[in-house]
Every structure is written in structure tokens, then in C-alpha cells.
Amino acid sequence: MSDRADATPVVPPVARKRKRPDITADAIRDRIMDSGLAPGDRVPAGWLDPDALHVSRGTLREALKLLEFQGLVTTKTGPGGGAFVAAIAPENALRMLDNLFLFAPPSIADIYAMRMLVEPELAAAVASASLSEAAFAALKDTIRLYEAEPASGEEDYRQRLAELDFHAELARHCPNKVLGFVAVFLLSLLRDMTVCREIYQNPNPGLREAGLNYQVRLLRVIRAGDAGRAREIMREHMGEAAIYMQERAAMRDRGRPKP
-14 MSDRADATPV VPPVARKRKR PDITADAIRD RIMDSGLAPG DRVPAGWLDP
36 DALHVSRGTL REALKLLEFQ GLVTTKTGPG GGAFVAAIAP ENALRMLDNL
86 FLFAPPSIAD IYAMRMLVEP ELAAAVASAS LSEAAFAALK DTIRLYEAEP
136 ASGEEDYRQR LAELDFHAEL ARHCPNKVLG FVAVFLLSLL RDMTVCREIY
186 QNPNPGLREA GLNYQVRLLR VIRAGDAGRA REIMREHMGE AAIYMQERAA
236 MRDRGRPKP
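Numbering-wise (my numbering), the sequence shown opens with residue -14 and increments by one.
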């Protein structure tokens, strides 16, 4: 008999039964999406009629609270009040995703394994996008924030974060919005992790120069529209960054007292 036959079967978790406010919120959300309402538009009062939705007023209030928490609607009271479609702020979406890892943060190795996949494709996509002069200038401006030698430890730390801003600016101009969002999410995880902040606070002039070199090379090939070369340079950049960050994290762990 095989090991698989002797193994204890894996039982999938039982799905949580959805509550009436959740179902009602989904129904309102779907109608907003299907109707093509835009941020700022009023949600028609008839769509929020408890009788038409076959729910109680209390259930409707809970459903609207859920939609407000998700950032999809805002409600106003008084004359001219009602429910209005809202634009979900990217930073709010990122913060909610960050909270998924609040008590079980990913490792630096996990994050860089993803960055090794995402960032080269991000660079290639931006190189293929024929950036406007304003977009290209915004990329160059992020580099200018850390071209000069830092005058203090605090300024060195700010410059290290500015290096991440270059990648965030790339993501902002990525024609593939899903790819850009994933890249920014990974950057958000790096910024929030205690171990990363501690690493960034240790001055490393050589690393700063290496980062500048990569980013200047990336600007040149992006300007030329060379997607293949942009992908290669970014892959090399991420590979070196992954090695550095994982080495520094290991050194930090070795230096911490054992419990």
C-alpha cells in the first residue's frame, strides 16, 4: 500500500456562512459596477430600498457600513445627502493588504523572490510604454534625491527610502496596472518591516553608488525603449539587492540575544 493511502486525508476548512449584510453589500456593489457609475455619482435611492432588497433597515445600514469600510461608497446626511460612489485610494488598499501580514510578516527572501519576478517585467513594460517627457522627468527627480553624499545618518536613511521611490515611480507609469500595484505592494512590505528599517539605517555608501549606477543605466534603456535590456538590468539589480538584504538580515539575527 502506498504512503498516500496511509496518509491522513486533508479536510478543507468549512466556509464561513455569509451573513445577510455581506450578501446585501455585494448586491449593491455589483449593481454599481454594472451600471457604470463613477466616483462622485449618487447611488440611486431606489437601489437602497430595504423592501426592494428584501432586507430590514438594520441589515441595509450594516451593508452600507461594509461598503464604506471597503472604500466603495461614502454617505452624507442632511439636504443633498445619500450614498455616493467613492474612489478607493491605493494607499488604503495597500494598508489593508499589509495588515494581512501584520502578525506573520513574510521573510526578506520571500519578498525578493517575488521582486525578482515582478521588477524585471515592470522595467520592461515601462521601457515599452514610450514615456512622456513629464513621466521621464519624474523618474529622474527621484534619483536626484540621493545623488549627493548624505550629511547625516538621518539623511542617509531618507536616501535609502528614496531608492525605493524610484521603483514606485516606475510602477506608477506601468501600463499594466496589476503589475504596477503588485510592485508597489512589495515595496510597502519592505518599508514597513522592522528588519528592513534597521538595515536601511546602517550607512552603506557602496550600496548607494551601486543603486545609482543601476538606476542611471535603467533610465538610459527606458529612454531608448529597449525592453529586453531594461529587463536584464533590473534582474541583475534585484539579484544583488536580494543577496545584500538577506546577508544583512542574517547578520542582524546572529547579533540578537537568544530568548
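Just so it is clear, CB atoms sit at the ideal spot from N, CA and C, and this is done for glycine as well.
Going by alpha carbons, who is nearest to residue i out of the options?
i, options, result
"L155", "Q186, I184, Q144 and A122", "A122"
"A89", "A235, G67, I218 and D177", "D177"
"R182", "P35, A120 and L146", "L146"
"V103", "L22, A23, A168 and A234", "A168"
"R220", "K125, V163 and E106", "E106"
"L197", "Q144, R233 and L57", "Q144"
"L57", "G31, R42, L22 and L82", "L22"
"S115", "G31, T62 and V206", "V206"
Determine the direct distance from the alpha carbon of residue j to that of residue i, and round the result to whole angstroms.
i, j, result
"V(-4)", "L204", "Its pLDDT being 48, under 50, V(-4) is placed unreliably by the model, and the measurement read from it follows with that caveat. Computed Cα separation, rounded: 51 Å."
"A112", "R208", "7 Å"
"A324", "R16", "Given a span of -14 to 244 for the chain in the structure shown, any question on residue 324 remains unanswerable."
"A227", "A94", "7 Å"
"A149", "Q200", "The sequence given here has Leu at residue 149, not Ala. C-alpha separation (whole angstroms): 11 Å."
"S20", "N84", "32 Å"
"A(-8)", "L87", "Below a pLDDT of 50, predicted positions are generally treated as unreliable, and A(-8), at 47, falls in that range; the measurement from the model is reported next regardless. Rounded to the nearest angstrom, the two C-alpha atoms are 33 Å apart."
"I13", "R80", "24 Å"
"S92", "L33", "45 Å"
"R(-11)", "L45", "Bear in mind that the predicted position of R(-11) carries a pLDDT of just 44, short of 50, making it unreliable; the figure below should be weighed with that in mind. Between R(-11) and L45, the C-alpha separation is close to 49 Å."
"M230", "F54", "36 Å"
"R129", "M236", "31 Å"
"D211", "S117", "15 Å"
"V163", "K125", "24 Å"
"L38", "R5", "11 Å"
"A153", "I96", "15 Å"
"R42", "G213", "57 Å"
"Q186", "E194", "16 Å"
"D36", "P64", "23 Å"
"T179", "A108", "27 Å"
"G3", "I218", "Residue identity differs from the one stated: residue 3 is Arg in this sequence, not Gly. Going by the C-alpha atoms only, they are around 48 Å apart."
"K61", "L82", "27 Å"
"E225", "G31", "58 Å"
"V40", "R202", "60 Å"
Within this structure, are the beta carbons of residue i and residue j separated by less than 7 Å?
i, j, result
"P160", "A110", "yes"
"F151", "T127", "yes"
"H158", "A119", "no"
"S184", "R233", "Looking at the sequence itself, residue 184 is Ile, so the reference to Ser does not match. Their beta carbons are under 7 Å apart, which means I184 touches R233 by this criterion."
"M223", "M101", "yes"
> Are the segment 6 to 24 and the segment 32 to 52 touching by the rule of at least three beta carbon pairs closer than 8 Å?
Replying inline: Output reads yes: the segment 32 to 52 touches the segment 6 to 24.
>> With three or more C-beta pairs closer than 8 Å as the rule, is the segment 27 to 44 touching the segment 63 to 78?
In response: Counting C-beta pairs closer than 8 Å gives three or more between the segment 63 to 78 and the segment 27 to 44, which meets the contact rule.
> Can you find at least 3 beta carbon pairs, one from the segment 75 to 87 and one from the segment 166 to 182, that sit closer than 8 Å?
Replying inline: A contact is defined here as three or more CB-CB pairs under 8 Å, and the segment 75 to 87 meets this definition with respect to the segment 166 to 182.
> Which ranges does the alpha helix (DSSP H) cover as unbroken runs of at least 4 residues, wholly within the segment 179 to 224, from first to last along the chain?
Replying inline: Counting only runs of 4 or more, we get 179 to 185 and 190 to 209.
>> Extract the residue ranges of the beta strand (DSSP E) inside the segment 5 to 55, only unbroken runs of 3 or more that lie entirely within it.
In response: Complete beta strand (DSSP E) runs here, min 3: none at all.
> Which runs of the alpha helix (DSSP H) fall wholly inside the segment 148 to 181 and span at least 4 residues, in chain order?
Replying inline: Within the segment 148 to 181, the alpha helix (DSSP H) runs of at least 4 residues that lie entirely inside it are, in chain order, 162 to 177.
>> Report the start-end ranges of each alpha helix (DSSP H) in the segment 63 to 88 that is 4 residues or longer and not cut off at the edges.
In response: Counting only runs that start and end inside the segment 63 to 88, the alpha helix (DSSP H) elements of at least 4 residues fall at 75 to 85.
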